[in-house]
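*Asks:* Would you mind keeping the following structure in view while I ask a few things?
Residue numbers (the numbering used here): 73 to 417.
Printed below as a string of structure tokens:
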């Protein structure tokens with residue numbers, strides 16, 4: 073597929089306290105006119121914090137599947153480990169990756185892996201990283217609230233990650249290497265999708281490219297198939313941000329939720345594994361989602377996520393059952409194909 077040269081805005085958070093109103097205007101402009109933007113020079117999480125989180129994530133994915141499987145994916149809670157189990161409606165085939173989803177308020181229960189013996193301080197590192205990422209997330213959300221004419225703390229009040237109603241999720245991701253294994257025909261690392269959430273913060277590692285975006289709901293075909301895609305370069309320490317469907321709805325479509333994907337390596341590119349970390353900001357379950365113009369009827373954040381999952385995966389579920397029935401696909405390391413009804417696509 074073709075790519076274009078559209079620029080993703082890059083915004084410095086340096087000297088936040090003295091520049092926050094200048095930064096607010098830049099963030100709002102990027103959210104309204106592009107839908108993706110890149111943050112740099114933030115004080116938290118620092119580049120060292122990000123590198124530490126990546127080291128813990130990579131150590132987790134090096135564990136045997138049997139160990140990772142002790143924290144299985146729980147669909148109702150949107151937590152746990154999955155491997156090649158997320159089928160995108162855009163491909164109707166499993167993404168070529170594995171991931172574990174974690175929620176801060178559940179950090180002391182069985183939904184977090186008990187791996188500190190194998191990975192010292194895994195729990196401390198990842199929970200601390202979530203706390204630091206929450207800080208920068210709330211700064212961005214306050215900027216967006218001001219830009220939409222709302223009180224500065226309008227969004228931050230409904231994004232309490234310590235609440236028992238919290239839905240914000242950290243996702244550690246490992247896209248499998250292609251040096252010793254082939255990618256099955258038709259599969260890609262992550263099929264085209266929009267995020268269901270409010271705001272996504274993505275951390276990437278230098279040299280591990282593949283993320284691409286296209287104009288989302290303004291594109292000409294389903295899931296951007298055949299449209300132009302813009303590469304988003306991976307740089308350790310930077311934060312790639314995108315608007316989710318929920319915030320697009322709450323802004324009465326003023327802010328843009330874009331289709332994005334992780335493509336396979338091209339000829340001449342590295343075929344090593346790719347790692348990323350996504351922080352999906354989502355309001356507490358009971359928060360009411362409706363914009364000031366009331367373009368859409370009010371709905372709770374919980375029901376918004378469930379409705380989005382049903383819409384997006386209805387066809388995918390049909391394909392999944394058909395695949396099982398007719399043995400169309402074989403997944404020797406994962407058993408039968410399945411669907412991760414992730415709140416964050």
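Virtual Cβ for every residue (Gly too), placed ideally from N, Cα, C.
Here the structure is a predicted model, which means the values were calculated and not measured.
In the stretch 119 to 186, which residue ranges form an unbroken beta strand (DSSP E) of at least 3 residues, counting only runs that do not cross its ends?
*Replies:* 152 to 155 and 169 to 174
*Asks:* If you follow the alpha helix (DSSP H) that residue 215 is in, where does it begin and where does it stop?
*Replies:* Taken as a continuous stretch (DSSP letters only), the alpha helix (DSSP H) holding residue 215 covers 194 to 219.
*Asks:* Return yes when the Cβ of residue 239 is within less than 9 angstroms of the Cβ of residue 374, no when it is not.
*Replies:* yes
*Asks:* For residue 421, which residues in the same chain have their Cβ closer than 6 angstroms to its Cβ, ignoring the five residues on either side in sequence?
*Replies:* Since the first residue of the chain shown is 73 and the last is 417, residue 421 is not available in this structure.
*Asks:* Using 9 angstroms as the threshold, is the C-beta distance between residue 308 and residue 119 below it?
*Replies:* yes
*Asks:* Should residue 265 be labelled buried (16 or more other beta-carbon atoms within 10 Å of its own) or exposed?
*Replies:* buried
*Asks:* State the Cα-Cα distance for the pair residue 220 and residue 311, rounded to the nearest angstrom.
*Replies:* 22 angstroms
*Asks:* Could you name the residues that DSSP lists as bridge partners for residue 304?
*Replies:* Answer is none; residue 304 lacks a bridge partner.
*Asks:* So, with DSSP's three-state summary, where would you put residue 93?
*Replies:* helix
*Asks:* Could you have a look at residue 83 and say whether DSSP puts it in helix, strand or coil?
*Replies:* strand
*Asks:* Give the straight-line distance between the Cα atoms of residue 236 and residue 356, rounded to the nearest whole angstrom.
*Replies:* 8 angstroms
*Asks:* Going by the DSSP bridge assignment, what does residue 276 pair with across the sheet?
*Replies:* 348
*Asks:* How many angstroms separate the CA atom of residue 214 from the CA atom of residue 278?
*Replies:* 29 angstroms
*Asks:* Only counting the same chain, and skipping five residues up and downstream in sequence, which positions put a Cβ closer than 8 angstroms to that of residue 329?
*Replies:* 107, 266, 267, 288, 289, 314, 315, 316, 317, 319 and 320
*Asks:* Beta carbon of residue 103, beta carbon of residue 197: below 9 angstroms?
*Replies:* no
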